Amino acid sequence: MEPRIEILSEKKLIGKRLQMSLTNNKTHELWRSFMPKRSEILNPVSTDLFSVQIYEPSYFEAFNPNATFEKWATLEVSDFNNIPSKMESFTLPGGLYAVFELKGHDTVIFDYIFRTWIPNSEYVLDKRPHFEILGEKYKLNDPDSEEEIWIPIKERKS
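Residue 1 is where the sequence shown starts when you use full-length UniProt numbering, and the numbers rise one by one after that.
The structure is reproduced here in structure tokens:
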């Protein structure tokens, strides 16, 4: 499974966030609080949902399922002029990304990305947010679901 490599431009996002870990995963709670309120966002660029993860710089140095990270449930917007109550703005920085297309709910894809693809590629992980784009083909808990996984990368120095 080879990703496509893309240069992403900066994105303006509005949504909600929670601190969590893999062992204390609050993803369902986050999205359950965001989805009924997303219609309050008045200036969306599209209907695509962005699931964003922000990790501490040392997060990937040694795997620890109890290590915390910040997760956002968001929509991309044209500007930050109207931020609904109980929501926040977030600017997703641009840069180089490896984009993996996921069909179904294959959770081993992350193991492949971090243990196989990155170590054997000409890239290293960059310290920017990771995210998934949940577009029109995304269907929760459906084997036919499709989404894109965006991993921040930079060229490996020789």
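Beta carbons: idealized from backbone N, C-alpha and C, even for Gly.
None of these values were measured; they are calculated from a predicted model.
Out of curiosity, what's the CA-to-CA distance linking E147 and L102?
Your numbering for residue 147 matches position 147 in the sequence shown. Your numbering for residue 102 matches position 102 in the sequence shown. Near 5 Å, if we compare the C-alpha coordinates of L102 and E147.
With 16 as the cutoff for other CB atoms within 10 Å, does R4 come out buried or exposed?
In the sequence shown, the residue the question calls residue 4 occupies position 4. Exposed.
Bridge partner(s) assigned by DSSP for A62:
On the sequence shown, position 62 is the one that residue 62 refers to. Bridge partners of A62: none, in fact.
Pick from P36, D144, L92, N141 that is closest to P84, judged by C-alpha positions
Position 84 of the sequence shown holds residue 84. Considering only alpha carbons, the answer is P36.
Please name the residue, chosen from G135, P65, W31, L96, that lies closest to E10 on a Cα-to-Cα basis.
Residue mapping note: residue 10 aligns to position 10 of the sequence shown, counting from 1. E10 has its Cα closest to that of L96, out of G135, P65, W31, L96.
E29 to T116, Cα distance in whole Å?
On the sequence shown, position 29 is the one that residue 29 refers to. On the sequence shown, position 116 is the one that residue 116 refers to. One C-alpha to the other measures close to 31 Å.
Determine the burial state of H105: buried for a count of at least 16 other Cβ atoms within 10 Å of its Cβ, exposed for fewer.
If you number the sequence shown from 1, residue 105 lands on position 105. It counts as exposed.
Return the first residue and the last residue of the alpha helix (DSSP H) that I118 is part of.
Residue mapping note: residue 118 aligns to position 118 of the sequence shown, counting from 1. Unbroken run through I118: none, as it is neither H nor E.
Confirm, please, whether the CB-CB distance from V45 to S78 is below 8 Å.
Mapped onto the sequence shown, residue 78 falls at position 78. Mapped onto the sequence shown, residue 45 falls at position 45. Yes.
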